[in-house]
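Be aware that the first sequence starts at 1419, since it is given in the working numbering, and climbs by one per residue.
Beta carbons: idealized from backbone N, C-alpha and C, even for Gly.
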Amino acid sequence: MAERYYHPSEIESKWQKNWRDAGIDTTERDPGREKFYCLEMFPYPSGKIHMGHIRNYVIGDVITRYKKMNGFNVLHPMGWDAFGLPAENAAINNGIHPSIWTEENIVSMKAQIEKIGASYDWARELATCRPEYYRWNQWFFIKMYERGLAYKKNSLVNWCQSCATVLANEQVIDGKCWRCDGDVVQKELEQWFFRITAYAEELLAGCDTLAGWPDHVVAMQKNWIGKSYGAEVDFQVAGSGDVAGGVPGPGSTIRIFTTRPDTLFGVTFMCLSPLHPLAASLCENAAELEMVKNAYGKADEKVGVFTGKYAINPVNGESIPIYVANFVLMQYGTGAIMSVPAHDQRDFEFARKYGLPVRRVIIPDGGVVSAELQSAYEEDGTLADSGQFTGRHNRDAIKSIIGYLKEKGKGEEVVNFKLRDWGISRQRYWGTPIPIVYCRNCGVVPVPETRLPVILPPDVKLTGKGGSPLAEAESFVNTDCPKCGAPARRETDTMDTFVDSSWYFVRFCGKSGEPPLDGDNIKYFMPVDQYIGGVEHAVLHLLYSRFFTRAMRDLGIVGFDEPFTRLLTQGMVCKETWKCDEHGWIFPEEVKDGKCIHCGRDALRGRVEKMSKSKKNVVAPDDIITKYGADTVRVFALFAAPPEKDMEWSDQGVEGASRFLNRLWTLVHNIIGKRNPINPIHGERVKCFEAEAKMPGVSYGNLFRKTHQTIRKVTTAIEKDYHFNTAIAALMELLNDMYSFESSVDKGDAAMFYAASKMVLLLSPFAPHICEELWRELKMGSNGSIFLEPWPELDESAAKEEELELVVQVDGKVRGKQMIPAGLPEEAVKSAALENEKVRDHLAGKTVKNVMVVRGKLVSIVTEKR
RNA sequence: GCCGGUGUGGUGGAAUAGGCAGACGCGACGGACUCAAAAUCCGUUGAGGGCGACCUCGUGGGGGUUCGACUCCCCCCACCGGCACCA
């Protein structure tokens, strides 16, 4: 037989086809077996897969294959987050219909994904842009509408001028659009909302049950929900209450929210948001109010104007000026605040600018009171100048002050959240139509379930200008009222695409033809045991999914609260960059001998950055797979760093991974070449071999032991925290040992064979193609595919060392090492240590005070100090 | 500003439960093979000192706890990420 070389492209396409034909990656519901649901965040079908995708899917695939070999019935689906702006932009720019553009991209991206050898059950593939999928977005919308969880309100929205659409708060980053980086302005529009705030308390409490999530993601969720305790307090506008009976008229009371009712006696003025309903009526100068309005939301400067009116502080009856100030947000609290410049930095700055009085009511404990405050004192202390509460500790007094307000009918305890309702209306074409009809007689009418889906009309002109493209489609807009049959108009907004991804994981529980919300399927496969994706979704997608899951629970669709039991947020794929003073970012190919090839200036090694087109440091997965094979790419992607950390792509690192697989290939073929008639794997001979190999002093015992130690290392590395990099390192070590193993006896060949077969099994989740090939060539197993084999079992007694290296410390420093038999009693270890020659040298002239024995590791000797 | 994270050789990264710091890979250096190169294989590789067996220092910096600290505690520095006038 001619010598065989490792040709990844041949064996990879061969096995991918074989696996597909044999259907080994499809999953059936099987209540008799324990399930495991492994899910990677589904991609937007942009047409090109990048290294970030590869890393994500490879991590998921390793977990999937590992769990399958451990007997789990693993669900591992893949689909397409297929609605969204790029398709629409392609239509605007190139005249391709979004649906065609998207479907074509799906075809090419699927082909790319298949090339990495990921074991997806494609029978469950979905694309959110298809009516059979988005129909259920509409169904959920109607269910939510029926329960008051979907509603419409006139509101100020974040409007991206270049995308000409509304953005959710989460989609605005530093005042810019998350997608196009364009300016975002405030605009008033009628919008549909999901009442996520109805679940605010529950979503927050649920955070504490997310034990399998990274701490920082849980922290971000909590932060986003932003619960704070405080009070709402009524301030009466001076003069307005002087009516008969002392009852204030409408519009004469201003309600504020504060987390610091303890500072009420320090209030010296109050501020309204320029958007506050009373701002216009209280403010005497409309032009000035307009100026403040224009400065609203600008963080760099505090701008305010005195309204000319005063309010009465309910705790001390003082009259304080009312301002309108740009920094007071309308969306949070009541849109009005009490200002305590002495104890709030923002109020302090405002007071300074407008020459308002500062009154201290909290004195630092034991601290000296300086003449004048340089900044607000926001810490705790003792109340001063605070009426009946003077002298008490400020924290302790909070409850009493709230009680006092309550008694007088001037306020109450209130809990506030930063979380706001989820605006889902988008003035876009390529999304799910909101299933609502407006009828002149009946008003707002939801489309009945039986008439779903409301199909996106195919023939719509997309110009990228103006409002909803659907509004232009007469045939779509004009309809009959489902209730009374009169002519009516359809809602022309579409849904935020985050709606699509808020429940797709449930859809995967059924195959493509099956009903999407089948109870048996969901009950068996949900929740997702392991979810894997980028941190960029730490708040948005994950919070929405948690909300949807609760909504689904209340609809009786699911029987649990949290959709994702464990979450892994993988790090970014980065690479070094190059820069040149003249040309900016340059490709590595544009650097020759440290110079830019265009201008001859020095090429500067830039920072290691996330791969991006603009930084010219992208590596195309296709190219690299063609060159090295998918297995090499997989091994490198996993070896370079633990999955949750950023990894640096390095061409030499890829070479190293490739070298490792080549070495394995060569070694296994050498073993097959001189195959010993003893096949240690089958039947009685295995037992016989294993028993002998465990006996002390056997020449091939070390390799046998190393094999089992590797089983342990790889297994625990995967089980403990998915640190695949150390698992692969352990396999490299085993391979190195096999290379240096020299055998003089027949059983030695058997030990090599044994090690090789375990090695191939252990590596198979990481590098599936080469391992399947080698497994078959070793003529191992009776199941055919290596992926139908059980994971190697660890024999603890086989992994145990016969002898170990004892480390002896004297006064905390390592002074001697020696080999001792394993399992020696403590006293024997102690005396061995004390008798060690080098140790004795170091003990000369000293008195031994204490000797500590750490079992199996070291002896620490302490001497008398003088 | 608040919250979270990270900091280890030339480099990516390892170090059960406080117990030999630097596994494994990359790079570099030396050697073998070759007419030569590539590939491959075998060595060496934290720093400093000593002819030497060895010694000293060393996990961002400074303290502390401990027989013993990359690991635990306190303070500080740097970088990264999230939130940010949230009252």
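query: With DSSP collapsed to three states, give me the class of N1507.; result: helix
query: Would DSSP call I1518 helix, strand or coil?; result: helix
query: Does the region 1533 to 1540 come within contact of the region 1479 to 1493, defined as at least 3 CB pairs closer than 8 Å?; result: yes
query: Pull the bridge partners of F1653 from the DSSP assignment, please.; result: I1672
query: For F1835, collect the residues of the same chain with a Cβ closer than 7 Å to its Cβ; drop the 5 residues on either side in sequence, then sort them by chain order.; result: T1615, A1618, I1643, G1644, K1645
query: Just the Cα atoms here: how many angstroms apart are A2240 and V2280?; result: 24 Å
query: Judging by CA-CA distance, which residue of L2192, A2217, Y1741, D1633 is the nearest neighbour of Y1423?; result: L2192
query: For C1689, write down the residues that DSSP places opposite it in a beta bridge.; result: Y1741, I1755
query: From H1471 to D2229, what distance separates their C-alpha atoms?; result: 52 Å
query: Just the C-alpha distance for A2173 and K2218, rounded to the nearest angstrom, thanks.; result: 16 Å
query: Quick one: using the 10 Å Cβ neighbour count with 16 as the cut-off for buried, is G1664 buried or exposed?; result: Note that G1664 scores a pLDDT of 45, beneath 50, so its modelled location is shaky and nothing firm can be said.
query: Does the beta-carbon distance from E2066 to C1992 come in below 7 Å?; result: yes
query: I'd like to check one pair, Y1949 with L1985: are the Cβ atoms closer than 7 Å?; result: yes
query: For a test of the three-state rule: what should DSSP assign to S1573, helix, strand or coil?; result: strand
query: Taking C-alpha atoms, which residue in D1718, M1487, A1794, L1682 lies nearest to D1392?; result: No statement about residue 1392 is possible, as the shown extent of the chain runs from 1419 to 2284 and does not include it.
query: Straight-line CA distance for G1502 to T1915?; result: 6 Å
query: What does R1369 pair with, by DSSP beta-bridge criteria?; result: Missing from the structure shown is residue 1369; the chain here goes from 1419 to 2284 and no further.
query: How would you call D2040, buried or exposed, if buried means at least 16 neighbouring beta carbons within 10 angstroms?; result: exposed
query: So what's N2143 in DSSP terms, helix, strand or just coil?; result: helix
query: Distance check for I2136 and L2252, CA to CA, integer angstroms please.; result: 40 Å
query: Would you please state the rounded distance, in angstroms, between the beta carbons of K2340 and V2225? I believe it to be under 8 Å.; result: Nothing in the structure corresponds to residue 2340, since the chain is present only between 1419 and 2284.
query: Per the contact definition of three or more C-beta pairs closer than 8 Å, is the region 1961 to 1968 in contact with the region 2040 to 2057?; result: no
query: Would I1873 be called buried (16 or more neighbouring beta carbons within 10 Å of its own) or exposed?; result: exposed
query: Once you ignore the five residues that flank T2265 on each side, which residues in its own chain have a CB closer than 8 Å to its CB?; result: T2281, E2282
query: In three-state DSSP terms, what is M1944?; result: coil
query: Between P2210 and I2129, how many whole angstroms is the CB-CB distance? I'm expecting something under 8 Å.; result: 5 Å
query: Do the region 1788 to 1802 and the region 1708 to 1725 make contact, defined as three or more Cβ pairs closer than 8 Å?; result: no
query: Grouping DSSP H, G and I as helix and E and B as strand, with all else coil, what is N1436?; result: helix
query: Quick check: the Cα distance between I1820 and I1674, rounded to an integer number of angstroms?; result: 13 Å
query: Determine contact between the region 1479 to 1489 and the region 1517 to 1531, defined as no fewer than three beta-carbon pairs at a distance below 8 Å.; result: no
query: Please classify C1902 as buried or exposed, where buried requires at least 16 neighbouring CB atoms within 10 angstroms.; result: exposed
query: Rounding to the nearest angstrom, what Cα-Cα distance links A1743 and L1888 in this structure?; result: 40 Å
query: Hey, how far is the Cα of V1655 from the Cα of N1734?; result: 14 Å
query: For L1837, which residues from the same chain have a beta carbon less than 8 Å from its beta carbon, with the 5 sequence-adjacent residues on both sides left out?; result: I1614, T1615, A1618, L1621, W1642, I1643, G1644
query: Output the distance between the C-alpha atoms of N1731 and R1777, rounded to the nearest integer angstrom.; result: 14 Å
query: On the premise that E1506 lies in contact with Y1847, defined as a C-beta separation below 8 Å, what is that separation, rounded to the nearest angstrom?; result: 6 Å
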